[in-house]
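Notes follow the structure.
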Amino acid sequence: MTEIMIAAAVVCGVGIVIGILLGVAGEKFKVEVDPKEVAVRELLPGNNCGGCGFPGCDGLAAAIAKGEMPPSACPVGGEAVAEAISKALGIENTETARYVAFVKCAGDCEKAKDVYEYVGPKSCVLAQNNPNGGPKACTYGCTGYGSCKAVCEFDAIDIIDGIAVINKDKCKACGKCIEACPRNLIELVPYDAEHLVRCNSHDRGLDVKAACSAGCIGCSLCAKNCEASAITMDKNLAHIDAEKCNNCGVCKQKCPVKIIT
Amino acid sequence: MGLLTFSGGIHPYEGKELTMEKPIKEYLPKGDCVYPLNQHIGAPAVPVVKKGDRVLVGQKIAEASGFVSANIHSSISGTVKAIEPRLTSGGTKVTSIVVENDGQFEEVDFSENVMDLSTLYREDIKDIIKEAGIVGLGGAGFPANVKLSPKNEDDIDYIIVNGAECEPYLTSDYRRMMEEADKIILGLQICVNLFDNAKGIIAIEDNKPEAIKLLTEKLKDNDKITVNAIKTKYPQGAERQLIYANTGRYVNSKMLPADAGCIVHNVDTIHAIYEAVIEGKPLIKRVVTVTGDAIEKPCNLLVRIGTNLQELIAAAGGFKDGIMPEKIVVGGPMMGKAVYSLDVPSTKGVSALLCMSHDEVAALEPTNCIRCGRCVDVCPGRVVPSLLAKYAEHGDIDSFLKHDGMECCECGCCSYICPAKRHLTQTIAGTRKLILANKKK
């Protein structure tokens, strides 16, 4: 009996000593955490997608708490989260424009010609190793094997009829697809941008026409007629500056190949 | 002891009987010739002619633009029609010099370039080879003079002539050896004499006994050059496997053959070196095997570089029964590239034009890996293709590199043997190209 009592007493004693030590250490070596940061971190979605430019939500929370980033910096949370954060921090919610990804290609199966039949791994990145970078005659357009879809964490990309189509409402502008696309076809545009050029081909008009019926032929009719001079021509390709665009829609009417949305 | 060889490899249907006994016929192009500026590894050449200039056979039309680069010479006489992007057999448009053929084939005076071999220094010979625009004619197109200028010349013990011709269907090197054996021996002698300690080896697969017999007979009094019979197995002619079979030395992806004391040249390259040094002729012709079950009269043609591939098909009697083949491959069936248009020029690296009436690859859908391990058995690079392909599919570059993905030589054995018909080589090759491209950035 006494042996058991001794054992119990030793265990209790050890427990008490360790408990006191841990308590003291916890108090002494405490890491100072900004309570604001904790509050912000709790309000953020917690996907750790990296769309804000930080490695994860913790990084952004610290930056918002320090005032280095605006409360609306999280592209995933959107307005609701921005409002909640500004309320918690007691600062004004400065609105930043919402961006979405945009695929600069309209050459679906019907419009873009195939020059050969492709047999091989279904990946845009690996298809680039083949002649012409894939079966499509156009070397600038969407290959349609969904390397962008594979990296999208928000299920915002669908491959429809041989080209990637972005669901504007689901897209959080995290930018992963931009990096994944081997042809640098995807760019971020303002959510409310109405008029955009759906082509990425820098070929001459004649070559573009031979490859795809939905390609920018570089006629520059849109640039000449733009009231806000928001359209520039770069190597046979029109580009609309969404910030200057006043959504008048003249370019869309003038475009002979109807590739401006 | 058995024949010299390496571990792994496959034995595909050879198909060489179609053209093996067909002597080389010279073909003179009728139409225009197109010379892409990057027919070699390295920096593209720079044109030295302009639109409207008249050029002669053998005239330099583009100049090497760096150490690893090569000159390009006109193979016909005529006027320069344009310098513009043209489709090449690689499938992309490359800036090319287009020469309109006047049908005269008027040559520059090659005899002016001929010099007495005994008065030439080693550097002179390398300069002649460089000037003649000679690149590896096995397909990769590495400039020959760069290969012959290793860092430490005393370390070179072997110059190996690659007469393995392990790719099925190809017979161009075999015909060269049978018809111009003396020139190849002299060409090799020139290369061997560039180094103090070098010995020459002519390595030939044992499915070409006639060539082995002929060359052994001619070389029986030569103590510097030997003929090695090597086992018939694909990829016996791959540079690393050839070095291992002949010398027992390993070369990996981080080394050059010169690091193992070897320099490997293709038979046709050696022939081109002979023509450049002894006859003063630049590289303007090469042997191309036009073959396949969709060709009316398979043959070996001595083709002027720049000739349109459509002309070669016509020279081989056209397609059998006029039916367009399902698959046309430039190069051998294992490592060649399928082309989608025949309106492309033949370049320095084109050793064969293969036309198949059935596309066997497209006919079979790939299924799941059954982990049988056959790809591991046959891989001459001693990697695990199934694993590498999995990493490649998932874009896991770090694991791909960790499992020696760069040791793959893209020979195609794994895809050939895979019972699940998975596109292993294609997947691994694509990722390797991606990694190499990223490295350059």
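Sequence order for the protein chains is W and D. Residue numbering for the first sequence follows my numbering, starting at 1 and increasing by one per position. Residue numbering for the second sequence follows my numbering, starting at 262 and increasing by one per position. In this text, a Cβ means the ideal position worked out from N, Cα and C, and glycines have one as well.
Beta-carbon proximity of residue i to residue j, cut-off 7 Å
i	j	result
D/Pro-594	D/Pro-429	yes
D/Ser-335	D/Ile-566	no
W/Cys-49	W/Cys-174	yes
D/Lys-581	D/Ala-555	yes
D/Cys-636	D/Cys-679	yes
W/Leu-43	W/Ala-84	yes
W/Val-115	W/Ala-137	yes
D/Gly-399	D/Ala-464	no
D/Gln-396	D/Val-329	First, the amino acid is wrong: residue 396 of chain D is Val here, not Gln. Not closer than 7 Å, so no.
W/Val-257	W/Ile-217	yes
D/Leu-615	D/Thr-552	yes
W/Pro-208	W/Ile-260	The amino acid occupying residue 208 of chain W in the given sequence is Val; Pro does not appear at that position. It is not a contact, given that the beta carbons lie outside the stated cut-off.
D/Asn-299	D/Pro-308	no
D/His-532	D/Val-422	no
D/Ala-506	D/Leu-265	yes
W/Asp-34	W/Ala-8	no
D/Lys-485	D/Gly-461	yes
D/Thr-487	D/Thr-280	no
D/Asn-561	D/Lys-283	yes
D/Ile-358	D/Ile-322	yes
D/Leu-570	D/Ser-514	no
Span separating the alpha-carbon of residue i from that of residue j
i	j	result
D/Asp-457	D/Glu-414	8 Å
D/Phe-647	D/Lys-311	The question names Phe, yet the displayed sequence has Ser at residue 647 of chain D. The alpha-carbon atoms of D/Ser-647 and D/Lys-311 are separated by roughly 51 Å.
W/Cys-109	W/Glu-117	13 Å
D/Lys-622	W/Val-119	Residue identity check: residue 622 of chain D is Val in the sequence provided, not Lys. Using only the alpha carbons, I get a separation of about 8 Å.
W/Gly-15	D/Val-645	54 Å
W/Ala-242	W/Ala-193	6 Å
D/His-655	D/Met-438	46 Å
D/Thr-237	D/Cys-294	Beyond the ends of chain D as shown, which are 262 and 702, falls residue 237 of chain D; an answer cannot be given.
W/Val-10	W/Ile-4	10 Å
D/Asp-388	D/Tyr-535	14 Å
W/Tyr-145	W/Pro-121	9 Å
D/Ala-401	W/Cys-251	49 Å
D/Glu-392	W/Ala-180	43 Å
W/Lys-41	W/Ala-63	In the sequence as presented, Lys is not what sits at residue 41 of chain W; that position holds Arg. Rounded to whole angstroms, W/Arg-41 to W/Ala-63 spans 10 Å at the Cα level.
W/Ala-210	W/Lys-235	18 Å
Chain-ordered chain W contacts of residue i [CB-CB under 7 Å]
i	result
D/Tyr-601	Val-115, Tyr-116, Pro-131
D/Val-622	Val-119
D/His-684	Gly-120, Pro-121
D/Leu-648	In chain order: nothing, as chain W lies at least about 15 Å away.
D/Leu-695	Val-125
D/Lys-546	Neighbours of D/Lys-546 on chain W: none; closest Cβ ~26 Å, over 7 Å.
Contacts that residue i makes with chain D (C-beta to C-beta distance below 9 Å)
i	result
W/Pro-55	Neighbours of W/Pro-55 on chain D: none; closest Cβ ~18 Å, over 9 Å.
Close Cβ partners of residue i (< 6 Å) along its chain, the five nearest in sequence each way excluded
i	result
D/Tyr-382	none
W/Ala-164	Val-103, Cys-142, Cys-148, Ile-157
W/Cys-171	Val-100, Ala-101, Ala-156
D/Ser-372	none
Residues near residue i by beta carbon distance below 7 Å, same chain, minus five either side
i	result
D/Ile-386	Ile-451, Leu-455, Val-538
D/Met-262	In this prediction, D/Met-262 scores a pLDDT of 46, lower than 50, which makes its location untrustworthy; the coordinate-derived value is nonetheless stated afterwards. Contacts found: none.
D/Ala-681	Pro-627, Thr-628, Asn-629, Cys-630, Ile-631
D/Ala-499	Pro-641, Cys-670, Cys-672
D/Gln-320	His-334, Ser-335, Val-369
D/Lys-469	Tyr-435
Closer than 6 Å: residue i CB and nearest the ligand SAM heavy atom
i	result
D/Val-453	With respect to the ligand SAM, the structure offers nothing, as it holds no ligand at all.
Sequence-distant residues of its chain with Cβ nearer than 8 Å to residue i (five each side left out)
i	result
D/Gly-691	Ala-653
D/Ile-271	Lys-494, Tyr-495, Val-639, Cys-674, Tyr-677, Ile-678
D/Arg-510	Ile-504, Ala-521, Gly-522, Cys-523
D/Ile-574	Val-551, Ile-556, Phe-580, Leu-603, Leu-614, Cys-616
Contacts that residue i makes with chain W (C-beta to C-beta distance below 9 Å)
i	result
D/Lys-702	The premise fails here: D/Lys-702 is roughly 13 Å from chain W at the closest Cβ pair, so nothing lies under 9 Å.
D/Gln-687	Val-119, Gly-120, Pro-121, Leu-126, Asn-129, Asn-130
D/Lys-598	Asn-130, Pro-131
Cutoff 7 Å: residue i Cβ touching any chain C Cβ
i	result
D/Gly-691	Reference to chain C is not applicable here, since the protein chains of this structure are W and D.
Partner residues on chain W for residue i, Cβ-Cβ distance less than 8 Å
i	result
D/Lys-515	Here the premise fails: no neighbours, minimum Cβ distance about 22 Å.
inquiry  = I'd like the ranges of any beta strand (DSSP E) spanning at least 3 consecutive residues and lying wholly in the segment 305 to 376 of chain D.
reply    = 321 to 324, 339 to 348, 354 to 362
request  = Give, in chain order, every unbroken run of the beta strand (DSSP E) that is at least 3 residues long and sits entirely within the segment 504 to 537 of chain D.
outcome  = 523 to 527
request  = Taking only runs that begin and end inside the segment 562 to 601 of chain D, name each unbroken beta strand (DSSP E) of 3 or more residues, in chain order.
outcome  = 588 to 591
request  = Jot down the residue ranges of each uninterrupted alpha helix (DSSP H) in the segment 21 to 86 of chain W, minimum 4 residues, whole runs only, in chain order.
outcome  = 35 to 43, 57 to 66
request  = Go through the segment 195 to 234 of chain W residue by residue and report every complete run of the alpha helix (DSSP H) that reaches 4 residues or more, in order.
outcome  = 205 to 211, 221 to 225
inquiry  = Please give me, in chain order, every unbroken run of the alpha helix (DSSP H) with length at least 4 that falls completely inside the segment 135 to 164 of chain W.
reply    = 147 to 151
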